[in-house]
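Residue numbers (full-length UniProt numbering), protein chains in the order written: chain S, 1 to 206; chain A, 1 to 206; chain G, 1 to 206; chain Z, 1 to 206. Glycine is no exception: its CB is placed at the ideal position from the N, C-alpha and C atoms. If you're wondering where the values come from, they're calculated on a predicted model, not measured in any experiment.
4 protein chains.
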Amino acid sequence: MSYNAPILITGFTPFGGETINPSWQVAQRFADREMLGARIHAIELPTVFGDAEAILQRAIRKRRPGLVLMLGEAGNRSRISIERVAINLADARIPDNAGKQPKDQPLLKNGPAAYFSTLPVSQLHESLLAAEIPAECSLSAGSFVCNAVMYRALHVLADLDASARAGFIHLPYLPEQAVKHRFAPSMALSDQVAAIEIVLRTLLDQ
Amino acid sequence: MSYNAPILITGFTPFGGETINPSWQVAQRFADREMLGARIHAIELPTVFGDAEAILQRAIRKRRPGLVLMLGEAGNRSRISIERVAINLADARIPDNAGKQPKDQPLLKNGPAAYFSTLPVSQLHESLLAAEIPAECSLSAGSFVCNAVMYRALHVLADLDASARAGFIHLPYLPEQAVKHRFAPSMALSDQVAAIEIVLRTLLDQ
Amino acid sequence: MSYNAPILITGFTPFGGETINPSWQVAQRFADREMLGARIHAIELPTVFGDAEAILQRAIRKRRPGLVLMLGEAGNRSRISIERVAINLADARIPDNAGKQPKDQPLLKNGPAAYFSTLPVSQLHESLLAAEIPAECSLSAGSFVCNAVMYRALHVLADLDASARAGFIHLPYLPEQAVKHRFAPSMALSDQVAAIEIVLRTLLDQ
Amino acid sequence: MSYNAPILITGFTPFGGETINPSWQVAQRFADREMLGARIHAIELPTVFGDAEAILQRAIRKRRPGLVLMLGEAGNRSRISIERVAINLADARIPDNAGKQPKDQPLLKNGPAAYFSTLPVSQLHESLLAAEIPAECSLSAGSFVCNAVMYRALHVLADLDASARAGFIHLPYLPEQAVKHRFAPSMALSDQVAAIEIVLRTLLDQ
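Set out below in C-alpha cells:
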C-alpha cells in the first residue's frame with residue numbers, strides 16, 4: 001500500500017455525560033505527525049448524527065487520504081476493539097449531542113445494508129496481541145454515531161478511491177472516566193496510544 | 001401480509017459440547033401446526049457450515065414459504081434476542097459439527113456485505129416485552145452457522161419472493177444446560193415457546 | 001433433624017423502584033403449608049434496616065422454629081444463589097424503603113464479624129443442580145438489608161437454639177421485572193418455587 | 001499511626017496457568033524501600049494452602065510489622081479491589097500450586113467466622129478514586145489462598161499486636177495476561193503500582 005497520500009485519523013467530542021472522549025485524547029496525539037512519509041491529519045468530529053458524517057465526508061473529499069482511521073469510545077469494553085462492519089442503521093439508545101435520537105432509520109436511503117472495514121482486521125488484531133495489548137475483533141460498531149461515521153467513510157471511499165483503506169476502532173474508557181462508573185473497565189491512555197501507533201505502523205508496513 | 005403460504009421454522013442440532021439445542025426444542029413444538037390458515041414446517045438444521053444453508057435453501061425453494069423464522073442458541077445471552085442483520089462472513093471460534101472452522105471467509109463470494117432481517121424487529125421486541133418476556137434487539141448474529149443460515153435465507157428470498165419475510169432469533173440456554181456452566185443465564189422452555197408463539201402471532205396479525 | 005418445630009420462611013417487600021419482589025412471590029406460596037409434619041409460617045419483611053431484623057427476631061422468639069429460610073432479591077444474578085455467610089456490616093449503595101442509607105456501620109456493636117449459614121450449603125447446591133435448576137453458592141450476601149436479616153437470624157439462633165438451622169437464598173428477578181431492565185437475567189416463578197420446594201425437602205429429608 | 005515498625009507487603013506466585021502474578025510484580029517494586037521512616041519488606045508467597053499462611057505468619061512474628069499489606073490476583077475484576085473481610089473457609093474451584101483443592105473446610109477449626117480488614121477501607125477507596133485510579137470495595141476475597149492468607153494475618157495480629165493494621169487488595173490482570181484470555185479486563189502495571197503507592201501513603205499519612 002502506498003501512503004504518499006495523507007492519513008486521516010478521527011476522534012469524537014465527549015458525549016453521554018462524559019467530559020472527555022478517549023478517541024480524541026488518542027487521535028490528537030497523532031495530529032500533524034508524519035509516518036513513513038504520510039502526513040497525519042486529526043479531526044475531532046461532533047457526536048451528532050449527520051454533522052459528523054458531513055464533516056468527515058468533506059475532509060475525505062478535500063484530503064484524498066490513503067487511509068482513514070476512525071476512533072470512538074465504547075465504555076463497556078475492556079479492550080481495543082477493531083470493528084469489522086458498519087451497517088445502514090441509525091438506532092440510538094440515548095440522544096446525540098444535538099438531542100437527536102433516531103430509531104430504526106437507515107443512514108442512507110437505498111444504501112447497501114453494510115460495508116466491511118477495508119483494513120486487515122485479523123492482522124491488526126494479531127499485531128496488538130503480539131505487543132501485549134488486549135484487543136478483540138468486533139462484529140458490531142453499534143447503531144449510534146460511531147457506526148454512522150464508519151458507514152459513511154466506507155461509502156464515500158467506495159466511490160472515490162478503491163485503493164484507500166478505512167476502518168473503525170472502539171476504545172475503552174480512560175481510567176479517569178471509569179472512576180465515575182461503578183463497574184466499567186478501562187485502559188491507560190499510554191496503552192491506547194501505543195495500540196494506535198502499532199495499528200498505523202502495521203498498515204504502513206504492508 | 002397473507003399467509004396462505006406456509007411457514008418454515010428452523011432450529012439447530014446441538015453443538016459445542018451440548019446435548020440439546022434450545023432452538024430445536026422450541027421449533028419442534030410448532031411442527032405441523034396451523035396458525036391463521038398457514039401450515040408450519042419445522043426443520044432441524046445441522047450445525048455445519050454449508051450443509052445447513054443448503055438444506056434451508058432447498059426447503060425454501062420447495063415450500064415457497066411466506067415466512068421463514070430461524071432459531072438458534074446463544075448461550076451467553078439471558079433474553080430472547082431478535083437479530084437485525086446477517087453479514088457475509090464466516091469466522092468460527094470453535095469448529096462446527098463437521099470439524100470445519102472457517103476464518104475470515106465470505107459466505108458468498110461477491111455477495112452483498114449484509115442483509116437486514118425483513119421482520120419488523122422493533123415491533124416484535126415490543127410485543128415480547130408487553131407479554132413480560134425478556135427480549136432484546138441484537139446488532140450481531142455472530143459469524144458462526146447461525147449467521148450463515150440467516151444470510152442465506154435472506155439472500156435466497158431476495159431473489160425468489162420479495163413479499164416473503166425472514167428473520168433470526170437467538171435463544172438463551174435452557175436451565176438444564178445452564179446447570180453445567182458456572183455463570184450462564186437461562187430461560188425456561190415454556191417461556192421460550194411462549195415467546196415464539198407471540199412472535200408468530202404478531203407476524204400473522206399484521 | 002427433627003422438624004416438629006415450625007418453619008419460618010421470609011421474603012421482602014419490593015425496593016429499588018421495583019413493584020414486586022421475587023422473594024415474597026415465592027415465600028407466600030409456602031404460607032401455611034405443612035411439610036413432613038412441620039408447619040410453615042411465611043413473613044413479608046419490610047426492606048428497612050432495623051425494622052426487618054426486629055420483626056424477624058420477634059417471630060423467631062415467638063415461633064421457636066427448627067428452620068428459618070430467608071429469601072431475598074439479587075437482580076443481577078441469574079441463578080438461585082445460596083449464601084454461605086452474613087457479615088456484621090451495613091453499607092448501603094441505595095436508600096432502604098425508609099430512606100436510611102448506612103455507610104460502613106456494624107449491624108451489632110461488638111457482635112462477631114460474621115456468621116456462617118447453618119444450612120448444608122453444598123448439599124443444597126447439588127440438590128438443585130440435580131433437579132436441573134441453575135444454582136450457585138455465594139460468598140457474599142451483600143451489605144444491604146438481606147445481609148442484615150441473615151446476620152440477625154443467625155445471631156439470635158446462636159443464643160436461643162443451637163439445633164435450629166437458618167440460611168439465606170438470593171433469587172433472580174422474575175421475567176416481568178427483567179423486561180424493565182436492559183440486560184438483567186431472570187428466572188421463571190415456577191422454577192424459583194420449585195427450587196425452594198427442593199431446598200425444603202432436602203432439609204427435611206435429613 | 002506510628003510506623004517506626006516495618007511494613008510487610010506480600011504477593012503470590014503465578015497460578016491457574018499464568019506465568020506471572022500481578023501481585024508479586026507490584027509488591028517487589030516496593031521491596032526494601034523506606035516510606036516515612038518505615039522499612040518495607042516484600043515477600044512472595046506460594047499459591048499453596050497452608051504454606052502461604054505459615055510463611056506469612058513466621059514473617060509477622062519475626063518482623064513485628066505495623067502494617068501488613070497483602071496483594072493478590074483477581075483476573076475477572078477490572079479495578080483495584082479493596083477487600084473488607086476474610087472468612088474461615090477454604091473452598092477451591094481449582095487446585096492450588098501443590099495440587100490441594102479443599103472443599104467446604106474451615107481454615108482454622110474453632111476460629112472465628114471472619115475477620116474484617118483493619119485498614120480504613122472506604123478511605124483507601126476514596127484516595128484511589130481521587131487519584132483517578134479505578135477502585136472498588138469488595139465484600140468477598142473468595143475462598144482460595146488469597147482469603148486464607150488474609151484470614152491468617154488478621155488472626156495472628158489479633159493476638160500479637162492490636163495496633164498493627166492488615167488488609168488485602170486484589171489486583172486485575174496485567175495487559176500481557178489479558179491478551180491470552182478472550183474477555184478479561186486488565187490494568188497497566190504502572191497504574192497498579194501507583195495505586196499501591198497511594199494506599200501506602202494514605203495509611204502512613206494518618
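Which of helix, strand or coil DSSP assigns to residue i
i             : result
A59/S         : helix
Q105/G        : strand
V48/Z         : coil
M1/G          : Bear in mind that a pLDDT of 47 at M1/G, under 50, signals an unreliable position, so the number given afterwards is only what the model happens to contain. DSSP places M1/G in coil when its eight states are reduced to three.
V68/Z         : strand
H181/G        : coil
A162/G        : coil
A153/A        : helix
E197/A        : helix
A27/A         : helix
E176/A        : helix
A54/S         : helix
T10/Z         : strand
E136/Z        : strand
I43/G         : strand
S190/A        : helix
S81/A         : strand
E73/S         : strand
L119/Z        : coil
E18/Z         : coil
residue 290/S : Since the first residue shown for chain S is 1 and the last is 206, residue 290/S is missing from the structure and cannot be characterised.
A148/S        : helix
A38/G         : strand
A131/A        : coil
Integer-rounded CB distance, given that residue j should sit under 8 Å from residue i
i      : j      : result
T47/A  : T13/A  : 5 Å
A131/Z : I198/Z : 5 Å
F116/S : V85/S  : 5 Å
I9/S   : I40/S  : 6 Å
L56/G  : A194/G : So it is not a contact: roughly 25 Å between Cβ atoms.
Beta-carbon contacts of residue i that lie in its chain and below 7 Å, excluding the five residues immediately before and after
i      : result
A148/G : F49, A52, E53, A90 and L107
S81/Z  : A74, E136, S138, I169 and H170
G111/Z : N88 and H155
Q123/A : T202
G16/S  : I94
Residues near residue i in its chain [Cβ-Cβ closer than 8 Å; skip 5 each side]
i             : result
P102/G        : F49, A90, D91 and A92
H125/Z        : I82, A135, E136 and C137
P95/S         : Q101
L174/S        : I20, P22, Q25, S186, M187, A188, L189 and Q192
residue 208/S : Lying outside 1 to 206, the shown extent of chain S, residue 208/S is not represented and no answer is given.
S143/G        : I87, L89, A90, D91 and A92
Q105/S        : L89, A90 and D91
N4/S          : G37, A38 and G66
Contact list for residue i against chain Z, beta-carbon separation under 8 Å
i             : result
I133/S        : P175 and V179
residue 211/S : A query on residue 211/S cannot be resolved here, the shown segment of chain S reaching from 1 to 206 and no further.
V85/G         : I87, L89, A113 and A114
Neighbourhood of residue i by C-beta, 6 Å cutoff - its chain only, sequence neighbours within 5 removed
i      : result
P168/A : Note on identity: in this sequence residue 168/A is Phe, with Pro being the wrong assignment. Only M70, E83, A141 and M150 meet the Cβ criterion.
I87/S  : A114
R165/Z : L67, T118 and L119
M187/A : P172
A178/A : A184 and S186
Within chain A, the residues that residue i reaches when beta carbons sit closer than 8 Å
i     : result
I98/S : According to the sequence as given, residue 98/S is Ala; it is not Ile. What A98/S touches in chain A: nothing, since even the nearest Cβ is about 23 Å away.
A90/S : Here the premise fails: no neighbours, minimum Cβ distance about 12 Å.
S78/G : S78, A178, F183, A184, P185 and S186
Chain-ordered chain G contacts of residue i [CB-CB under 7 Å]
i      : result
L124/A : The contacting residues do not exist; L124/A stays about 14 Å from chain G at best.
7 Å Cβ cut-off: residues of chain A touching residue i
i      : result
L139/G : Neighbours of L139/G on chain A: none; closest Cβ ~14 Å, over 7 Å.
Where residue i meets chain S, residues with beta-carbon distance less than 9 Å
i      : result
F183/A : The contacting residues do not exist; F183/A stays about 15 Å from chain S at best.
Closer than 7 Å at the beta carbon, the chain Z residues around residue i
i      : result
D104/G : S122
Just by C-beta distance, which residues in the region 156–180 of chain Z are closer than 8 Å to chain B?
-> Of the protein chains in the structure, S, A, G and Z, none is chain B.
Within the chosen definition, does the region 59–73 of chain S reach the region 26–42 of chain S through at least 3 CB pairs nearer than 8 Å?
-> yes
Determine, using beta-carbon pairs with one atom in the region 160–169 of chain G and one in the region 197–206 of chain A, whether at least three such pairs fall under 8 Å.
-> Contact annotation: the region 160–169 of chain G does not touch the region 197–206 of chain A, with fewer than three C-beta pairs closer than 8 Å.
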